[in-house]
Amino acid sequence: MTAFEPGFGAAADDLIWNGRKPGVRARYIVRAANVADVQTAVRFAAANGFSVSPRSSGHHFTGISTQATVVIDLEALNHLRIDAEAMVCEAGPTVTNARLNAELTARGLAFPVGHCASVAIGGYLLGGGVGWNSGEWGIACFLIESVDIVTPDGVLRRVSATEEPDLFWAARGAGPGFFGIVTSYRLRVKKAKPAIMSAVRVYGADHHGAVSGWVRQAIRRAPANLELSLKVSTEVSPVGPMVAIAVIATAFGSSEAESRAILSEFGRGAPAGAFIEVPEMPTSIAGLYDMTGAGTPKGHRFAVDSLWSDAPVADVLAGIVATMQKAPSAKSFAVLSPSSPAAAVPGEAAFSRIGSIFGAIYTVWQDEEQDARQIGWLRSGMDSLQPLKAGVYVGYGDIDVPARRKEIHSRPAELRLAEMRRRYDPRGLFGQALGHTTSAQAA
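The opening position of the sequence shown corresponds to residue 5 in the working numbering, with each subsequent residue numbered one higher.
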């Protein structure tokens with residue numbers, strides 16, 4: 005489909021999940037039916053000097069996947085084959101987190117799928133993959149056994165730790181700047197956790213000091229299979245709407261007794277003053293998706309930015325609370341997730357920045373006329389947290405801001421990716437929307 009055809013604008017917009025569409029639009033949309041179509045489209049782009057980008061589910065909040073001249077829609081590459089005995093699966097890039105989770109759960113298996121149900125694994129795994137129970141199961145990209153990739157020369161390659169390991173290194177964390185198109189993953193999977201349980205306490209924002217003191221102590225003694233989220237948002241309290249902190253603890257236990265013990269120990273020392281308390285309750289990853297999905301309704305306008313931090317919980321929470329108290333939309337929220345010291349340590353890959361705390365601020369609104377105000381608030385708030393940052397997670401990064409792109413990878417990883425980009429993509433087909441150029445283009 006070309007930009008000259010009727011309905012192209014609507015078709016291009018439909019590729020982006022966010023109600024806020026990017027200001028740059030593709031000229032060609034290729035709906036690939038198979039891998040051969042992907043190869044043909046890449047060769048077409050190369051022959052004509054066009055930039056190219058794959059689109060899995062179009063969930064990145066910046067709409068980065070549709071800003072190249074040629075967008076290759078991978079919707080049809082949604083195969084999913086699970087070998088329960090070998091504990092591996094092969095999945096196409098447009099398999100969603102929800103589908104992967106459902107199919108694995110039915111077989112007593114699991115994977116650290118992302119926190120948003122409708123996100124496809126293509127972009128999720130390219131960015132690294134911070135998912136459910138990542139503390140125990142690890143960052144998702146480190147469970148990739150091999151990746152099938154169409155590189156800028158139109159060649160289909162299978163890469164792994166032993167086959168073209170440099171490309172395998174890059175495919176695990178390069179994000180939307182990756183110089184190729186993933187057509188299939190082979191993933192190691194885990195045994196499912198049969199007794200997932202959550203407990204919730206909600207406090208007014210004025211309790212942030214007491215909450216952070218409790219959380220700091222509790223997370224130090226927590227096992228890797230406790231996932232903790234502090235959601236800061238406008239909630240209804242006994243005295244009316246107010247900025248509140250919901251402390252959501254989820255134990256991924258092998259038994260109900262284990263999960264209850266983890267949550268009980270975590271709750272020890274919890275401050276008084278919670279206006280909502282929900283005791284230990286059974287849940288599932290599907291149930292957790294129902295909870296997270298409520299905060300990101302389709303059709304709304306979103307802007308998001310993220311941070312990794314090794315600063316004290318008290319400092320990060322205080323900074324986020326101060327930002328949220330100025331939010332121009334009551335629908336906006338922030339999430340802060342401190343990790344246990346026992347959490348899995350990432351391996352060696354392009355995914356190279358992480359911290360003891362993950363945080364993200366979500367701006368949510370509906371009126372297009374509010375775009376500048378909402379985005380300005382987000383960027384001002386994240387700028388105020390800059391001294392506390394150890395990096396940015398690309399999956400939730402405001403990569404429209406050039407400075408944010410420099411915070412995604414460690415300096416050695418950034419240099420290695422740049423060298424590989426010159427080697428594999430000398431004509432700069434991929435990543436132009438992120439400002440990537442080859443040395444020849446720069447000259």
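Ideal Cβ placement from N, Cα and C applies to all residues, glycine included.
About 7 Å separates the beta carbon of V92 from that of V193, a gap short enough to meet the 8 Å contact definition.
In the three-state reduction of the DSSP assignment, M246 falls in the strand class. Close CB contacts of S288 within its chain, under the 7 Å cut and outside five residues either way in sequence, are with I200 (chain order). Cβ-Cβ separation between G181 and G359: approximately 21 Å, too far for a contact (criterion under 8 Å). Non-local beta-carbon contacts of A37 in its own chain, meaning distances under 6 Å to residues more than five positions away in sequence, involve A80 in chain order. Per DSSP, the unbroken beta strand (DSSP E) holding W312 starts and ends at R305 to S313.
In the DSSP secondary-structure assignment, L232 is bridged to A253. In chain order, I403 and D404 place their CB closer than 6 Å to the CB of T66, counting only its own chain and leaving out the 5 sequence neighbours on each side. For I412, the closest of R420, D18, R427 and V396 by C-alpha to C-alpha distance is V396.
Annotation: G323 to R377 spans about 20 Å, alpha carbon to alpha carbon. With contacts defined as CB atoms closer than 8 Å, I280 and V368 fail to qualify as a contacting pair. V42 is positioned such that its CB atom lies no closer than 8 Å to that of I68.
The DSSP assignment places 32 to 35, 56 to 59, 74 to 77 and 84 to 87 as complete runs of the beta strand (DSSP E) inside the region 30 to 89, in order along the chain (cut-off: 3 residues). Excluding the 5 residues flanking it on each side, Q221 has same chain C-beta neighbours closer than 8 Å at G273, in chain order. Residue burial is scored here from C-beta neighbours: H83 has fewer than 16 other C-beta atoms within 10 angstroms and is therefore classed as exposed.
By the neighbour-count definition (other C-beta atoms within 10 Å, threshold 16), N101 is a buried residue.
From the listed residues G139, Y207 and S216, the smallest Cα separation to E239 is found for Y207.
In the structure shown, Y293 adopts helical secondary structure according to DSSP, grouped into three states.
Rounded to the nearest angstrom, the gap between the Cα atoms of A110 and K410 is 41 Å. In the DSSP secondary-structure assignment, L108 is not bridged to any residue. Look at the beta carbons and you see the region 292 to 307 not touching the region 210 to 227: under three pairs across the two are nearer than 8 Å. Annotated three-state conformation of L340 is strand, per DSSP. Secondary-structure assignment with DSSP links L389 through no beta bridge to anything. Taken atom to atom, the span from the alpha-carbon of M5 to that of W21 is near 19 Å.
DSSP, reduced to helix, strand and coil, places C93 within a strand of the structure shown. Sequence-distant partners of Y293 (beyond 5 residues in either direction) whose C-beta falls short of 7 Å from its own C-beta, in its chain, are A102 and A121.
Contiguous beta strand (DSSP E) elements confined to the region 188 to 222 occur at 199 to 208, taking only those with 3 or more residues. By the neighbour-count criterion, in which a residue is buried when 16 or more other Cβ atoms sit within 10 angstroms of its Cβ, G133 is buried.
K330 counts as exposed, since fewer than 16 other C-beta atoms from the protein chains shown sit within 10 angstroms of its C-beta.
Non-local beta-carbon contacts of V282 in its own chain, meaning distances under 7 Å to residues more than five positions away in sequence, involve A203 and V204 in chain order. By a beta-carbon distance limit of 8 Å, G127 contacts H64. Their separation comes to about 6 Å. Of the residues A276, M285 and S384, the one whose Cα lies closest to the Cα of I252 is M285.
The beta carbons of V39 and L160 sit closer together than 8 Å. Per DSSP, the beta-bridge partners of D152 are R162 and S188. Contact annotation, A248 with S237: C-beta distance approximately 7 Å; criterion of less than 8 Å satisfied. Between L130 and G179, the beta carbon gap of about 6 Å places them in contact (Cβ cut-off 8 Å).
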